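Participant: Here the working numbering is used: position 778 in the sequence shown is 783, and no number is missing along the way.
Yeah, the Cβ is synthetic: ideal placement off N, Cα and C, and Gly gets one too.
Keep in mind the model is a prediction, meaning the values are calculated, not measured.
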Amino acid sequence: MIMGGENHGLFRPRPFSSLPILFICFIILANAKFDSYAPPDKHLLDCGSSEDTNLDDGRTFTSDSSSRNYLETSEDVKVSVDSIPANISSVSSSTPPTALPLYRTVRILLVDSKYSFHISCQGLHWIRLYFYPLPHPQYNLTSAVFSVSTDKFVLLKDFSVSNDKKSAFKEYLVNVASDRVILVFKPQKDSFAFVNAIEVVSAPDGLISDTASTVPQGGTFNGLSKYAFEVSYRLNVGGPVITPKNDTLSRTWFSDVAHNTFPQGAQNVYVDPSVVKYPQSGATPYIAPNWVYATADEMANSETLQPNFNLTWEMNVHPGFSYLIRMHFCDIVSKALNDLYFNVYVNNLMGMSGLDLSSINNALSTAYYIDFILNASSIQNSSVRIQVGPASGLDSGTPNAILNGLEVIKMSDPEGNLGGLFGADVSSGGKRMKIVAGIGLAMGATAMFLLAIVFVRWHKRPLDWQRRNSFSSWLLPLHAGQSSFLSSKSSTRRSSIFGSRKSKSGHSSYFSNQGLGRYFTLHELQNATQNFDEKAVIGVGGFGKVYLGVMEDGTRTAIKRGNPSSEQGINEFQTEIQMLSKLRHRHLVSLIGFSDEQSEMILVYEYMANGPFRDHLYGSNKPPLSWKQRLEICIGAARGLHYLHTGAAQGIIHRDVKTTNILLDENFVAKVSDFGLSKDAPMEQGHVSTAVKGSFGYLDPEYFRRQQLTEKSDVYSFGVVLFEVLCARPVINPKLPREQVNLADWAMHWHRKGMIEKIIDPHIAGTISPESLKKYVEAAEKCLAEHGVDRPGMGDVLWNLEYALQLQEASSQIDAPEDKSAYLIVLEKPSDKNSASDSVSVNDDSAVTVGSPLPRACQIQGR
6 MIMGGENHGL FRPRPFSSLP ILFICFIILA NAKFDSYAPP DKHLLDCGSS
56 EDTNLDDGRT FTSDSSSRNY LETSEDVKVS VDSIPANISS VSSSTPPTAL
106 PLYRTVRILL VDSKYSFHIS CQGLHWIRLY FYPLPHPQYN LTSAVFSVST
156 DKFVLLKDFS VSNDKKSAFK EYLVNVASDR VILVFKPQKD SFAFVNAIEV
206 VSAPDGLISD TASTVPQGGT FNGLSKYAFE VSYRLNVGGP VITPKNDTLS
256 RTWFSDVAHN TFPQGAQNVY VDPSVVKYPQ SGATPYIAPN WVYATADEMA
306 NSETLQPNFN LTWEMNVHPG FSYLIRMHFC DIVSKALNDL YFNVYVNNLM
356 GMSGLDLSSI NNALSTAYYI DFILNASSIQ NSSVRIQVGP ASGLDSGTPN
406 AILNGLEVIK MSDPEGNLGG LFGADVSSGG KRMKIVAGIG LAMGATAMFL
456 LAIVFVRWHK RPLDWQRRNS FSSWLLPLHA GQSSFLSSKS STRRSSIFGS
506 RKSKSGHSSY FSNQGLGRYF TLHELQNATQ NFDEKAVIGV GGFGKVYLGV
556 MEDGTRTAIK RGNPSSEQGI NEFQTEIQML SKLRHRHLVS LIGFSDEQSE
606 MILVYEYMAN GPFRDHLYGS NKPPLSWKQR LEICIGAARG LHYLHTGAAQ
656 GIIHRDVKTT NILLDENFVA KVSDFGLSKD APMEQGHVST AVKGSFGYLD
706 PEYFRRQQLT EKSDVYSFGV VLFEVLCARP VINPKLPREQ VNLADWAMHW
756 HRKGMIEKII DPHIAGTISP ESLKKYVEAA EKCLAEHGVD RPGMGDVLWN
806 LEYALQLQEA SSQIDAPEDK SAYLIVLEKP SDKNSASDSV SVNDDSAVTV
856 GSPLPRACQI QGR
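Structure follows, in structure tokens:
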């Protein structure tokens with residue numbers, strides 16, 4: 006699939022651009038009737054007007070004299086003109102066409118001013134603000150700079166209308182929890198504020214759900230009710246402008262033409278709006294009117310050409326904010342069910358794969374919408390790109406893709422700001438600037454210190470440094486015995502990542518001193534893998550392929566060869582060596598050595614004969630594991646993670662816990678592997694601020710929202726693993742109905758209903774004792790708590806799994822089920838903060854038999 010292909014010459018122009026069709030559509034739209042929503046609260050103000058203003062869409066904005074009691078100010082000015090400014094309709098692309106009469110008047114606010122609106126029904130409310138800089142002999146409105154805020158949220162920060170005299174229309178959706186909405190207009194020093202019209206109107210419950218899907222595909226974002234929203238774009242894809250007169254909630258839907266980056270590849274389709282049906286649950290006329298679902302863009306010539314492109318829309322957005330992306334779909338192109346499969350991408354990340362609209366409601370021409378959360382860290386070049394394209398690898402269906410409507414909605418940041426950086430506290434700019442200046446000063450001092458080190462090392466460089474393997478050999482740390490040095494990729498070639506001369510044995514003397522394992526020559530590893538023969542491949546991951554290697558002494562090893570073109574691979578290569586050089590534990594995969602010869606990135610591990618845990622759960626023909634075996638493997642993995650968090654000199658966060666990263670040796674002993682994404686745990690602040698990385702379905706939603714990584718992020722991922730072990734199915738399966746796609750959500754749904762046994766792997770369903778199952782699911786549930794502070798530490802999780810295993814063993818040994826607990830061993834929970842003594846020393850390179858972090862049994866106790 007080519008993302009946004011360039012085969013422009015293959016396609017004809019969009020048929021819908023023809024004037025007769027547009028003319029007909031506009032006539033139909035002008036006469037359309039809807040059962041509009043009757044808002045409990047409806048405040049419409051035409052600021053500065055001496056009389057009420059009636060719009061063509063049927064709404065009436067009250068005059069300035071009638072609405073004067075809303076405003077609290079000590080100094081303001083009214084401005085009015087006799088007619089709508091002549092140039093406004095031609096230059097404004099964001100103003101609802103029916104709202105132009107509101108721009109004949111304006112109120113200028115010379116000091117801090119408040120508009121106060123009584124709210125009779127709490128909940129979601131629209132706040133719509135209209136701005137147009139009318140001419141005034143004393144006040145140049147294009148030079149006005151001001152902020153607008155509510156009691157909780159900053160809507161506009163240092164806002165101004167551009168000098169080309171474009172109008173501005175701002176639309177917000179705020180959850181009101183009091184009996185009043187107060188809008189504060191705060192002019193910048195020596196400036197003023199102005200506003201032409203204001204709307205504060207109720208919105209129906211359920212317009213914004215509290216949850217949404219995340220991109221990349223697989224996660225769930227919770228807590229949307231806590232945010233405020235600003236509508237950045239609302240597009241009627243494939244159709245004309247829909248005015249507030251024809252919308253159930255007085256919204257305006259603009260044409261998508263200006264944002265379609267590949268119009269030659271798109272063609273419009275439309276049906277009579279009466280054909281569109283709404284399902285019993287999901288989309289409603291309040292979500293979008295049937296006119297949105299009655300038009301769409303599909304792939305041009307989709308039935309005759311082999312498609313190699315996606316339909317693409319691109320919109321400019323403000324960086325630093327997350328966005329709610331709402332897509333509207335209605336299959337108005339298929340003639341039969343299950344004939345249309347396509348993928349949905351958001352900023353080149355998979356949103357949905359193999360979407361079959363007809364299977365969702367088992368009908369065609371039925372409205373459907375889906376919400377995605379695009380994290381701020383996933384927005385590059387200040388733009389949002391939406392793409393739909395045919396799903397590959399499907400034998401049935403016509404290669405095609407459609408989109409009916411699109412909304413791009415900005416979400417408030419954690420400080421309640423929608424207006425810009427530092428907007429949550431308008432009055433604290435001086436203090437913040439001091440903080441920024443202090444940070445800048447500290448960074449400058451650090452840079453000078455590093456430059457001084459480089460200067461000193463340059464003058465102390467070896468005389469033959471140019472003949473050595475790499476530039477890094479003379480730039481090693483002054484105290485090399487305390488740290489290791491890892492260089493990075495240059496612009497022309499990858500230098501040797503570890504620069505030091507090797508001894509005759511091929512083992513780097515420097516790395517030997519650092520305890521980083523054996524340095525292998527490339528020739529040794531080629532011999533061990535028959536020159537990296539594809540037949541020796543035993544696994545493939547994001548870093549590269551893994552080969553089975555047989556060394557000269559007959560030892561079998563797992564040899565992971567990195568992709569030479571991967572820039573990220575260098576970081577993972579370095580991190581893996583740094584992390585594993587500090588760790589020795591029975592339940593962590595051991596690193597034997599590495600090679601960076603000839604720009605290669607190769608890691609050599611102990612061989613794990615039984616491979617990834619996932620292969621023994623589903624997706625292969627290997628015999629299923631018993632419940633006891635699965636428990637023991639989970640316990641082993643939990644011990645490894647518990648050691649990472651508490652047993653190392655500094656705690657380590659794995660960041661990619663999943664069943665493919667839990668490997669099994671010949672005795673089915675579990676060992677945690679793949680530390681390429683790992684991070685050192687913070688000593689004081691409790692989290693690491695870092696870009697979101699991990700695997701779909703296992704990703705901690707709190708980490709995704711806040712970009713703050715903690716040990717509890719591993720706990721969440723391990724909770725997903727526990728349900729994956731219990732149910733033996735992928736954590737993300739897009740082929741299932743929407744509510745079943747995410748395993749964690751699906752399992753929690755059945756657990757809350759008290760019927761978790763309905764989704765257990767049939768191979769073990771009849772073998773698990775109820776007590777063991779209850780304790781196991783209880784542990785998994787706690788791991789999946791929405792907030793990290795509510796999740797247990799890995800020590801507590803381990804204790805619960807040990808207890809579940811004892812319950813299972815007791816059940817299998819006792820004939821009378823009702824008296825099982827009489828034989829249980831009482832266990833004392835470990836401390837997550839002080840358990841390093843229960844794990845092996847990080848300097849112990851010998852074979853390890855690790856003591857359990859749980860204390861030994863102390864007594865037998867009845868129920």
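Compute the Euclidean distance between the alpha carbons of Asp381 and Leu105, then round it to the nearest angstrom.
Facilitator: First, the residue type needs correcting, since residue 381 is Ala and not Asp in the sequence shown. Whole-angstrom Cα-Cα distance: 34 Å.
Participant: CB Asp252 to CB Pro294, shorter than 8 Å?
Facilitator: yes
Participant: Does the count of Cβ pairs from the segment 736 to 747 and the segment 770 to 780 closer than 8 Å reach three?
Facilitator: no
Participant: Classify Asn273: buried if its beta carbon has 16 or more other beta carbons within 10 angstroms, exposed otherwise.
Facilitator: buried
Participant: Kindly identify the DSSP beta-bridge partner or partners of Thr65.
Facilitator: Asn59
Participant: Whole angstroms is fine: what's the gap from Tyr612's alpha carbon to Gly702's?
Facilitator: 28 Å
Participant: Compute the Euclidean distance between the alpha carbons of Gly624 and Ile564, then round it to the nearest angstrom.
Facilitator: 24 Å
Participant: List the endpoints of the continuous beta strand (DSSP E) containing Phe723.
Facilitator: Not the beta strand (DSSP E): Phe723 falls in the alpha helix (DSSP H), residues Glu716 to Cys732.
Participant: Taking Leu362 as the reference, give the member of Gln385, Asp376, Ile384 and Ala406 with the closest Cα.
Facilitator: Ala406
Participant: In this structure, does DSSP put Asn227 in helix, strand or coil?
Facilitator: strand
Participant: For Val281, which residues in the same chain have their Cβ closer than 7 Å to its Cβ, ignoring the five residues on either side in sequence?
Facilitator: Asn295, Tyr298, Ala299, Cys335, Ser370 and Ala372
Participant: What three-state label does DSSP hand Arg591 in the structure shown?
Facilitator: DSSP, reduced to helix, strand and coil, places Arg591 outside both helices and strands of the structure shown, so it counts as coil.
Participant: Given the structure, does Met320 come close to the ligand ZN, in the sense that its CB is under 7 Å from one of the ligand's heavy atoms?
Facilitator: Absence of the ligand ZN from the depicted structure is noted, as is the absence of any ligand whatsoever, leaving it without description.
Participant: Confirm, please, whether the CB-CB distance from Ile378 to Ala3 is below 8 Å.
Facilitator: What the structure shows of the chain is the stretch from 6 to 868, and residue 3 is not part of that stretch, so it cannot be assessed.
Participant: Drop a sphere of 10 angstroms on the beta-carbon of Thr451, count the other beta-carbons inside from all chains shown, and report buried for 16 or more, exposed for fewer.
Facilitator: exposed
Participant: Tell me whether the beta-carbon of Tyr610 lies closer than 8 Å to the beta-carbon of Leu622.
Facilitator: no
Participant: Verify whether the separation of the beta carbon atoms of Thr225 and Pro706 is less than 8 Å.
Facilitator: yes
Participant: Taking the alpha carbon of Leu115 as the reference point, which residue from Ser604, Val189, Thr715 and Phe197 has its own alpha carbon closest?
Facilitator: Phe197
Participant: Are the segment 321 to 332 and the segment 406 to 419 in contact at 8 Å, needing three or more beta carbon pairs?
Facilitator: yes
Participant: Checking the sheet assignment: what are the DSSP bridge partners for Gln392?
Facilitator: DSSP, once it has assigned bridges, lists Thr317 and Tyr350 as partnering Gln392.
Participant: At what residues does the alpha helix (DSSP H) containing Ala614 begin and finish?
Facilitator: Counting along the chain, Ala614 falls outside any alpha helix (DSSP H), and DSSP gives it neither H nor E.
Participant: Quick check: the Cα distance between Leu3 and Ile638, rounded to an integer number of angstroms?
Facilitator: Residue 3 falls outside the range modelled here, since the chain spans only 6 to 868, and no answer is possible.
Participant: Could you check the C-alpha separation between Val746 and Gly223 for me, to the nearest Å?
Facilitator: 8 Å
Participant: Do Leu423 and Ile159 count as a contact pair if the criterion is CB distance below 8 Å?
Facilitator: Checking the displayed sequence, the identity of residue 159 turns out to be Val instead of Ile. For Val159 and Leu423, yes; Cβs fall inside 8 Å.
Participant: Could you give the first and the last residue of the continuous alpha helix (DSSP H) run that contains Lys787?
Facilitator: Pro775 to Cys788
Participant: Quick check on the burial criterion: 16 or more other C-beta atoms within 10 angstroms. Buried or exposed for Glu744?
Facilitator: exposed
Participant: Ends of the beta strand (DSSP E) at Arg256?
Facilitator: Counting along the chain, Arg256 falls outside any beta strand (DSSP E), and DSSP gives it neither H nor E.
Participant: Count the other CB atoms within 10 Å of the CB of Ser477; is the residue buried (16 or more) or exposed (fewer)?
Facilitator: Caution applies to Ser477, whose pLDDT of 33 falls short of 50 and renders its modelled position unreliable; the model cannot decide the point.
Participant: Would you mind working out which of Leu161, His48 and Ser183 sits nearest Ala173, comparing C-alpha positions?
Facilitator: Leu161
Participant: Is Ser255 closer than 8 Å to Asp61 when the C-beta atoms are compared?
Facilitator: no
Participant: Given a cut-off of 8 Å on the beta-carbon distance, is the pair Asn348 and Val393 in contact?
Facilitator: yes
Participant: Helix or strand or just coil, what does DSSP make of His756?
Facilitator: For His756, the secondary structure class from DSSP, reduced to helix, strand or coil, is helix.
Participant: Note down the Cα distance separating Phe136 from Ile247, rounded to an integer number of angstroms.
Facilitator: If I take the Cα positions, the gap works out to 21 Å.
Participant: Tell me the DSSP secondary structure of Glu707 in three-state form.
Facilitator: Glu707 falls in the helix class under three-state DSSP.
Participant: What three-state label does DSSP hand Leu608 in the structure shown?
Facilitator: strand
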